[in-house]
Each structure stands twice: as structure tokens, then as C-alpha cells.
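A.B. asks: Take a look at the following structure, please.
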Amino acid sequence: MFELIWWWILILLPLPFLIRGKETINSQQRALQLPQFDQAFTASKTSTTNHRRKWLWAAWIALLLACARPQWVGEPIPMPSQGRDLMLAIDLSRSMEIPDMVINGDNVDRFTMIQHILADFIERRDGDRLGMILFGDRAYLQAPLTMDKRTIVRFLNEAQIGLVGNQTAIGDAIALASKRFSEKADSNKVLVLLTDGSNTAGTIQPKQAIELAQQLDVVIYAIGVGADSLQQRGFFGSFNVPTSSDLDESLLKQMAQQTNGRYFRARSSEDLQAIYQTIDKLEPVEGEATSYRPRTELFYWPLLAALLCVYLPIFWQVISTLSAASYQRLNNVIGRVRNGR
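Shown next, in the form of C-alpha cells:
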């Protein structure tokens, strides 16, 4: 369906005619001057002027159409009517640099593993509204709840370890996520918190944050990230170094239990992938059916037509002048040849 967004601009269509009438009444006092239309609307009986006037009228009409923002409106496209409000809280403390994870046979740090698997999880969130919180010394909202999955993935890929400090403010992350959820009663409010440590920073204690989450009906899925040990090579051979001694599993289990969520332990990339598949099974809530109609801007077509209407007559006049001059020179040459005979 064709539609003009700013249709009222077409009211200006008779403006050049009104200006010409004003100039005819009093050529000495002009309320408005439009030099580019001056020649087109000056009274003239020559065919050349009349021809140019028609071209300029066509250019004026096309220009107004372009300014009116013509659009082609497509058929309604239904939007998903099921979904959740899902906030991702990701630990960026310095301990996330420990390379005790494996992806495709290569050792990677914990955060790289989270980025790799979480990006795929986000892409599958059809109908969900996603948000992202990054926490270290304090918690920061990286992205509010949105259905723009590409933006969430981009923010995830741009995040860096230590960006928000080296410690772990779990309480701040839970409190911030809880407050950012929508107050709609028909929404599943889910917080997925990924950390490899314990609460060592922040202004809000985890107990207070959990109480706030309970009041707002937020379900917390806590994920403890990190292998139990990391194999290292020494002078006397290989040995295992504990890498998850700082993980406060009791706190994560407590917050999950008190908010009707679950606690998961991700010791490998396979574990984390299985955890996300479990979260996929959350029952979505029916919402109001919505749809949108895609719009395609068409203003450039009448704008191009306006430019052609202005420049084609000029181009044609130049060509005609050159052709006439060439024809005259040719006649002169022929005349001299005949006289020479």
C-alpha cells in the first residue's frame, strides 16, 4: 500500500503560482523571491519559455512528493506472542581469565567460553526480551531489556575482563537486574547469573538482593563457572592446580532455591551448553498478539525525477546550441568549397 507520511506538504503545490501573481500585481515589492522559478513564471509568449515552465512545474511537483516521504507499506507480519524477560548478569572479574576451559581442543579462559556458547543461546531467544548486566567491583547495565538480539551479542563480544573492576559484586548485580525487570504481571522474569567467585565487593549484600528478587518474582538461575583444576607442567612433570576454590556454591544454591530457580555447575563448555538447553525449556507466557508492517522509503524516486526535470532541459539546450553552431560551421565550410570552385 502506498502512503504519504507528510501529505500536508502538498498544500504548497500552488505556491509558485501565487508568487507569480504577487509579482504581477506589484513587481517592485516581493514578499518572497525564488530565483530558480523566476524565469518559469515570467510572462512570455515564446515557445522556449513555455517549454521551460512546464519542466519546472514538473520538478516542483516531484520535489514536493519527495518531501512528503512516500512509503510502500507491506503486509502485516506477526510477531511472537510468547516470551520471557531474561536478564544476563556476567562476571568480568579478573579470575575469569583462568584458562581452564576447552573449546574444540584448545584451552581458553572462562569468559571466552561464555562468549562462545552464550552467543548461540541468545540467537535462539525468539520472542524473549533480553538484557545484559556486567559486574566486577560494581554492577553496570550494559543493555536494557530488548528484542534486539544482535545488539546484545555485539555488547557481549565487546566486553573485556576487568572492564568493571577485578572483584565480584554479586549482590549489586542481583539488585540491579531485579529493578530493571518490567512490572508486567504476564512476564516471566528470569535472571541468569554467571560467576566463578564469591561476593567480594559492592554496596548491597546478597541477602538483601535476594529479598528484593523475591518481592519482584524474579527467578534466578545461578551458574558456577570453572573447572575444578587446571593441569600445568613443571620441572618435575605435570601437576593439577585447584582453580575453583573461590567459588561460593552455597551462596549460589541459596539464591536459586529462595527464588524458585536452580543452581548449575559448569565445569566445561559441554556443561554450559547443557545448562542453556535446560533454561530453554522454561515455559513461556502468552502475551498479546502483535504485528508490524515493513515500510520502504520511496522518496529518492521523485527526488531523482525532480533533478532530471531541472537538468534535462539545460542539457538539451546545450546540445541544441552546439548542434546549431556545428551546423553553421559546416555550412560555412561547404560555402567556401563552392566559392573556391
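In case it helps, numbering that gives the first Met the number 0 puts the sequence shown at residues 0 to 340. We put the beta carbon where it would ideally sit given N, CA and C, even for glycine. Bear in mind that the values here come from a model prediction, so they are computed numbers and not experimental data.
Can you tell which of A323, T295, E74, A208 has its C-alpha closest to the C-alpha of R68?
C.D. replies: It is T295.
A.B. asks: Helix, strand or coil for N198, going by three-state DSSP, please let me know.
C.D. replies: Of the three classes helix, strand and coil, the one that applies to N198 here is coil, per DSSP.
A.B. asks: Are there three or more Cβ pairs, one per stretch, closer than 8 Å when the stretch 47-63 is compared with the stretch 148-161?
C.D. replies: As far as the Cβ criterion goes, the stretch 47-63 does not touch the stretch 148-161, which means the pair count is below three.
A.B. asks: Counting beta carbon pairs with one atom in the stretch 129-144 and one in the stretch 90-99, are three or more of them shorter than 8 Å?
C.D. replies: Yes, the stretch 90-99 is in contact with the stretch 129-144.
A.B. asks: Indicate the three-state DSSP secondary structure (helix, strand or coil) for K280 in the structure shown.
C.D. replies: Of the three classes helix, strand and coil, the one that applies to K280 here is coil, per DSSP.
A.B. asks: For F1, which residues does DSSP report across the bridge?
C.D. replies: Bridge partners of F1: W71.
A.B. asks: How is the alpha helix (DSSP H) around I169 delimited, first residue to last?
C.D. replies: Note, I169: alpha helix (DSSP H), 169-179.
A.B. asks: Assuming L211 is part of the alpha helix (DSSP H), what are its boundary residues?
C.D. replies: Residues 205-214.
A.B. asks: From the DSSP output, read off the bridge partner residues of D84.
C.D. replies: Partner(s): R128, K188.
A.B. asks: Where R29 and T150 are concerned, what is the direct C-alpha to C-alpha distance, given to the nearest angstrom?
C.D. replies: Note that R29 has pLDDT 46, beneath the 50 cutoff, so the model's placement of it is unreliable and the number below is only indicative. In a straight line, the C-alpha of R29 is about 54 Å away from that of T150.
A.B. asks: Taking the Cβ atom as the reference point for each residue, do A221 and T194 lie within a distance shorter than 9 Å?
C.D. replies: In contact: A221 and T194 (Cβ atoms closer than 9 Å).
A.B. asks: Measuring straight from C-alpha to C-alpha, what distance separates L306 and A61?
C.D. replies: Spanning the two alpha carbons is a distance of roughly 9 Å.
A.B. asks: Please list, in chain order, all residues of the same chain as S94 whose beta carbon is under 6 Å from its beta carbon, the five residues on each side excluded.
C.D. replies: Same-chain partners within the cutoff: D195, G196.
A.B. asks: With Q272 and I116 assumed to form a contact (beta carbons below 8 Å), what rounded beta-carbon distance in angstroms separates them?
C.D. replies: Correct: roughly 6 Å between the Cβ atoms.
A.B. asks: For L140 and V218, what's the separation of their Cα atoms in angstroms?
C.D. replies: If I take the Cα positions, the gap works out to 19 Å.
A.B. asks: Assign V72 to one of two classes, buried (16 or more other C-beta atoms within 10 Å of its C-beta) or exposed (fewer than that).
C.D. replies: It is exposed - the Cβ of V72 has fewer than 16 other Cβ atoms within 10 Å.
A.B. asks: Quick check on the DSSP output: what are the complete beta strand (DSSP E) runs of length 3 or more inside the stretch 137-164, in order along the chain?
C.D. replies: Whole beta strand (DSSP E) segments, 3+ residues: 138-145.
A.B. asks: Tell me whether R123 sits in a helix, a strand or coil according to DSSP, three-state version.
C.D. replies: Residue state, collapsed to three classes: coil.
A.B. asks: For W6, collect the residues of the same chain with a Cβ closer than 7 Å to its Cβ; drop the 5 residues on either side in sequence, then sort them by chain order.
C.D. replies: For W6, where only same-chain residues beyond five positions count, the Cβ hits under 7 Å are A67.
A.B. asks: Assign P75 to buried or exposed, taking buried as 16 or more other Cβ atoms, counted over all protein chains shown, within 10 Å of its Cβ.
C.D. replies: Exposed.
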